[in-house]
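The numbering used here applies: residue 1241 is where the sequence shown begins, and numbers increase by one. Here's the structure, in structure tokens; my notes come after.
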Amino acid sequence: MSTDGANSRRRILPTLLGLLFLLMGLALVAGGIKLAAIHGSLYYLIAGIGIALTGVLLIAHKRAALSLYALVLFASTLWALWEVGLDWWQLVPRLALWFALGIVLLLPWFRLPLTRGLRYPLGTNGLAFAVVLAGLAALASQFTNPGEIKGELGRETAGTASAAPAMADGDWGSYGRSAFGDRYSPLNQINVQNVSKLEPAWTYRTGDIPGPNDPGETTAENTPLKVNGMVYVCTPHSQVIALDPDSGKEIWRFDPKISTQGAKNFTGWAHMTCRGVAYHDDAAYAADVAQASPATATACPKRIFVPTADTRLIALNADTGKVCEDFGNKGAIDLTANIGAFNPGGYYSTSPPAVTKDLVVIGGHVTDNVSTDEPSGVVRAFDVHDGHLVWNWDSGNPDKTTPIGPGEHYTRNSPNMWSLMSVDEKLGMLYLPMGNQMPDQWGGNRTPESEKFSAGVTALDIATGQVRWTFQFTHHDLWDMDVGGQPSLIDIKTADGMKPAVMASTKQGSIYVLDRSNGQPIVPVNETPVPQGAVEGDHTSPTQPMSELNFMPPALQEKDMWGVTPFDQMLCRTDFRSLRYDGIYTPPSLQGSIVYPGNFGVFDWGGISVDPVRQIAFVNPDYMAFKSRLVPSAGVAGGPARKSETEGVQPNKGAPYGVILEALLSPMGLPCQAPAWGYVAAVDLTTHKVIWKHKNGTVRDSSPVPLPLTMGVPSLGGTFVTGGGLGFLSGTLDQYLRAYDVNNGKQLWEARLPAGAQTTPMTYTGKDGRQYVLVVAGGHGSLGTKQGDYVMAFALPK
């Protein structure tokens, strides 16, 4: 009786395991049939049959289960190696579960009841061989780095110097440090030899945190300024705070007490952010100021300009934080003037204006995909002292730049400039990174003017606002490929001598290098055939301009679909096969299309940084696929409600189609495409070649289990480089500020942050002579990173 009981207990474990195998096998069979029906891989169907039959044999306590499963595991290993080679993160979801179950089957509690005392059963030996083979494949994949490029720059200087406007080495006077948007600091107190010793110097908390009436995307994308002996910070609610650069102690604070305009009750309000403020000092133009009237020369000589989320441009005394009463209407300009009607949050400037000797120039953000009747994308130049309108450039009416008259309105829905412009006062030009006419995914009724100025860089004459040249990066943009990053100005060393260049990074991955005096390519740009077949009423461009300097990813294939397990990988493959995808620039469709690179882009508003001395660019490319599906206007109301720009149906009121736009994710919320999703890299600007490229960032703060696995994660925010041979980046989805050797890309230091830092850090010298690295860590609402209100400075030990 006791012997029978013991045998019965021993037989329970194989039975339970068999049930598990059977259920998994049936799930794979069901999904595999669907995948095979849309011309996908047959592996999941075949493997599912094998695993289900293994389960049946285990339930029947047949030792043939071992041999059959050995065949399944062996074949799975060969199939995985054939598809992806020795790529660790590709092999894991294909083999890890089957490898673990193979080990379980070899355990005596499961194996012995099946082998009934046979000492060397064939099935056991075969399974052991299959397990070892899978394990060896995983081990060998540890020594490979697919997608990475190893190399070294091998020089400290290219014999060149910065052509950017002069400022004190220890200052950071504009969003991109200089009006050139280069994000290069000559400081070298912190360098490759000692950066590992960086430690926290001070932390300041702004007290500005998301409120109950805020939109979902409340973000701290701010890059502070250090100038006039202070650090100037702006918060998502447009507050401006001046801090002591050595201690972080608050000197003054200005709160514009913005109105949220009912944002909580209107989903069209997409952002609550302040990327930065702008600074103007009359003393920087001393010769011109001396000729000005005494009142102009002395009233508020140092100014901070801040755009607010409720559509104002305010001038503050940089010394005191008091409003400059002589600017506009008691210190403020109402940016709603001549704009016309718009919904709450539908129009305002998220980015700081550009400042020149006489002007403060500002564009505006327009919410995507709400309607075809949105505010104008006009760029306006105001007198830097009294705020009167000097000129306006409306891309819908580009030749008329004289100030608009009372009662007139700018062209509705013309392409906007929501990011940051760069300035070359010597050449007398502003460089505008342009968006497009709404809606993003349908362009059947776009005007000739919008087609000309969308999705490129336009150079305007500073004095008049007239167009000097324009260069388009995406023709008839149907993919939200607006130019997000501030163009970087740099004089580049070429075979024909030094050339004044503007470098524009783009969502599609091209970096366009143009002569900034005339817009002609320095690096060749080729018109390349792209997929065709727009929906009824629309069209596509037969070609798209692609730069020979680019970080465009290879076209996706089914085998690139990824998941933690074979099951979510199979579902991602099914999603991939069910969507339209013909490579980059696949047109939007009713079926649903894959957008890769996605609308977050290879490069977004963080732009790139350039070192004019070493002649390199330091960049942080990302790779995340999105999917879009057009919805006939009659079905918009019945679709999922719009919650943000990537949730629900975007209504596109006035167009024949709404759109559902979202990341291409697995049911577990992870990207469907295989990692890495984020890199850091460097480009030699004298050869236009990538020097090195390394995956960057961990999944510690974005995975269910907080493991610091360096898979390479996306980053939103920019970089900066220094004379000390360092590059810095904080924008990754994990909460770190990191430093890299720009010579070879080696990570030299990292600091854990208390919140996400989807922003661009900066560096400066304090009054104490120490070099500081500063970052704002406030999180990002739409990315789901941890939110906070931290301003943190790091320095070498005293």
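All C-beta atoms, glycine included, are put in the ideal place defined by N, C-alpha and C. What you are looking at is a predicted structure, and each value in this text was computed from that prediction instead of being measured.
May I ask you to list the residues that DSSP assigns as paired with C2070? Because residue 2070 is not part of the residues shown, which for the chain are 1241 to 2038, the question remains open.
With the cut-off set at 7 Å, would you say R1251 and P1348 are in Cβ contact? For the purposes of this step, residue 1251 is taken as the residue at position 11 of the sequence shown. For the purposes of this step, residue 1348 is taken as the residue at position 108 of the sequence shown. Contact flag unset, no.
Per DSSP, R1620 is paired with what? On the sequence shown, position 380 is the one that residue 1620 refers to. Looking at the DSSP output, R1620 bridges to I1602 and N1632.
For W1329 and P1915, which I take to be in contact (beta-carbon distance under 8 Å), what is that distance rounded to the nearest angstrom? As a working note, residue 1329 is residue 89 in the sequence shown. As a working note, residue 1915 is residue 675 in the sequence shown. The pair is a contact, with the Cβ atoms about 5 Å apart (cut-off 8 Å).
Let's test the definition: count the other Cβ atoms within 10 Å of the Cβ of T1642 and tell me whether it reaches 16, buried, or not, exposed. For the purposes of this step, residue 1642 is taken as the residue at position 402 of the sequence shown. In the assembly as shown, T1642 is an exposed residue. Its beta-carbon has fewer than 16 other beta-carbons within 10 Å.
Would you kindly check if the distance between the Cβ of F1420 and the Cβ of A1441 is under 7 Å? Residue 1441 sits at position 201 when you count from the first residue of the sequence shown. Residue 1420 sits at position 180 when you count from the first residue of the sequence shown. For A1441 and F1420, no; Cβs fall outside 7 Å.
I'd like to know whether the C-beta of L1973 is nearer than 7 Å to at least one C-beta of chain D. This model lacks chain D altogether; it includes just one protein chain.
With a threshold of 6 Å (Cβ to nearest heavy atom), would S1616 be considered close to the ligand MG? The model on display carries no ligand, and the ligand MG is accordingly not part of it.
Terminal residues of the continuous beta strand (DSSP E) containing R1334? On the sequence shown, position 94 is the one that residue 1334 refers to. No beta strand (DSSP E) contains R1334, which is instead part of the alpha helix (DSSP H) from W1328 to L1346.
Could you tell me how far apart the beta carbons of T1463 and R1515 are, in whole angstroms, since I believe they sit closer than 8 Å? Residue mapping note: residue 1463 aligns to position 223 of the sequence shown, counting from 1. Residue mapping note: residue 1515 aligns to position 275 of the sequence shown, counting from 1. Contact holds; Cβ gap of about 7 Å.
With 16 as the cutoff for other CB atoms within 10 Å, does T1443 come out buried or exposed? Walking along the sequence shown from the start, residue 1443 turns up at place 203. Flag for T1443 reads exposed.
Helix, strand or coil for I1252, going by three-state DSSP, please let me know. As a position in the sequence shown, residue 1252 is number 12, starting the count at 1. Three-state result, I1252: helix.
On the criterion of 16 or more Cβ atoms from any shown chain inside 10 Å, does I1445 qualify as buried, or is it exposed? In the sequence shown, counting from the first residue as 1, residue 1445 sits at position 205. The residue you asked about is not Ile; residue 1445 is Arg in the sequence shown. Classification of R1445: exposed, given that the 10 Å Cβ count is below 16.
Helix, strand or coil: how does DSSP classify Y1309 here? Taking the first residue of the sequence shown as 1, we reach residue 1309 at position 69. In this structure, Y1309 counts as helix in the three-state DSSP scheme.
Selection from R1686, G1996, W1917 and R1652 that minimises the alpha carbon distance to L1949: On the sequence shown, residue 1949 is found 709 positions in, with the first residue counted as 1. Residue W1917 is the option with its Cα nearest to L1949.
DSSP on M1743, reduced to helix/strand/coil? Reading the sequence shown from its first residue, position 503 is the one you call residue 1743. Residue state for M1743 is assigned as strand, using DSSP reduced to three classes.
I'd like the span of the beta strand (DSSP E) that includes F1545, first residue to last. Taking the first residue of the sequence shown as 1, we reach residue 1545 at position 305. K1542 to P1547 is the span of the beta strand (DSSP E), which, as asked, contains F1545.
Could you say if the segment 1871 to 1881 and the segment 1931 to 1947 meet the contact criterion of at least three C-beta pairs nearer than 8 Å? No, the segment 1871 to 1881 is not in contact with the segment 1931 to 1947.
Taking a contact to mean a Cβ-Cβ separation below 7 Å, would you say V1473 touches V1945 in this structure? Taking the sequence shown and counting its residues from 1, the one referred to as residue 1473 is at position 233. Taking the sequence shown and counting its residues from 1, the one referred to as residue 1945 is at position 705. Going by C-beta atoms, V1473 is not nearer than 7 Å to V1945.
Give the range of the alpha helix (DSSP H) segment to which P1440 is assigned. Along the sequence shown, read from residue 1 onward, the residue named residue 1440 stands at position 200. Unbroken run through P1440 is the beta strand (DSSP E), E1439 to R1445; no alpha helix (DSSP H).
Delimiting residues of the beta strand (DSSP E) encompassing P2062: The question about residue 2062 has no answer here: the residues shown for the chain are numbered 1241 through 2038.
What is the residue span of the alpha helix (DSSP H) that Y1283 lies within? Within the sequence shown, the letter at position 43 stands for residue 1283. It spans Y1283 to I1299 - the alpha helix (DSSP H) in which Y1283 sits, taken as one unbroken run.
Could you say which of N1557, F2034, E1388 and A1287 lies nearest to L1266 if we only look at CA atoms? In the sequence shown, the residue the question calls residue 1266 occupies position 26. Nearest C-alpha to L1266: A1287.
Kindly indicate the opening and closing residues of the alpha helix (DSSP H) around S1884. For the purposes of this step, residue 1884 is taken as residue 644 along the sequence shown, with counting starting at 1. Taken as a continuous stretch (DSSP letters only), S1884 belongs to no alpha helix (DSSP H), as it is neither H nor E.
Along the beta strand (DSSP E) that carries G1696, what are the first and last residues, could you check? Reading the sequence shown from its first residue, position 456 is the one you call residue 1696. G1696 -> beta strand (DSSP E) spans G1696 to D1701.
Inter-stretch contact at 8 Å, needing at least 3 Cβ pairs: the segment 1385 to 1398 / the segment 1840 to 1855: yes
DSSP state of N1365, grouped into three classes? Locating residue 1365 in the sequence shown gives position 125, counting from the first residue. Three-state DSSP puts N1365 in a helix.
Just tell me which of N1766, P1452 and S1787 has its CA closest to the CA of M1743. Along the sequence shown, one-based indexing puts residue 1743 at 503. Out of N1766, P1452 and S1787, S1787 has the C-alpha closest to the C-alpha of M1743.
If we call anything under 7 Å between Cβ atoms a contact, is P1837 one with Q1748? For the purposes of this step, residue 1837 is taken as the residue at position 597 of the sequence shown. For the purposes of this step, residue 1748 is taken as the residue at position 508 of the sequence shown. Contact: yes.
Return the chain-ordered list of same chain residues with a C-beta closer than 6 Å to the C-beta of G1258, the five sequence neighbours on each side being excluded. In the sequence shown, residue 1258 corresponds to position 18, counting from 1. Excluding residues within five positions, the ones whose Cβ falls inside 6 Å are G1295, L1298 and I1299.
Check whether D1717 and A1695 have beta carbons under 7 Å apart: For the purposes of this step, residue 1717 is identified with residue 477 of the sequence shown, where counting begins at 1. For the purposes of this step, residue 1695 is identified with residue 455 of the sequence shown, where counting begins at 1. Cβ distance < 7 Å, so D1717 and A1695 count as in contact.
Rounded to a whole number of angstroms, what is the C-alpha to C-alpha distance between V1618 and P1806? Taking the first residue of the sequence shown as position 1, residue 1618 is located at position 378. Taking the first residue of the sequence shown as position 1, residue 1806 is located at position 566. Their Cα atoms are separated by approximately 51 Å.
First and last residue of the uninterrupted alpha helix (DSSP H) at M1810: For the purposes of this step, residue 1810 is identified with residue 570 of the sequence shown, where counting begins at 1. From DSSP, the alpha helix (DSSP H) with M1810 extends over P1806 to S1818.
Burial state of K1986 (16 or more Cβ within 10 Å): Here the question's residue 1986 lines up with position 746 in the sequence shown. Under this definition K1986 is an exposed residue.
Between the Cα of V1601 and those of Y1587, N1583 and G1627, spot the shortest distance and give me the residue it belongs to. Locating residue 1601 in the sequence shown gives position 361, where the first residue counts as 1. Comparing Cα-Cα distances from V1601 to each of Y1587, N1583 and G1627, the minimum goes to G1627.
Close-in-space but distant-in-sequence residues of the same chain around G2028 (CB under 7 Å, 5 per side omitted): Here residue 2028 corresponds to residue number 788 of the sequence shown, with the count starting at 1. P1994, A1995, A2017, G2018 and G2019.
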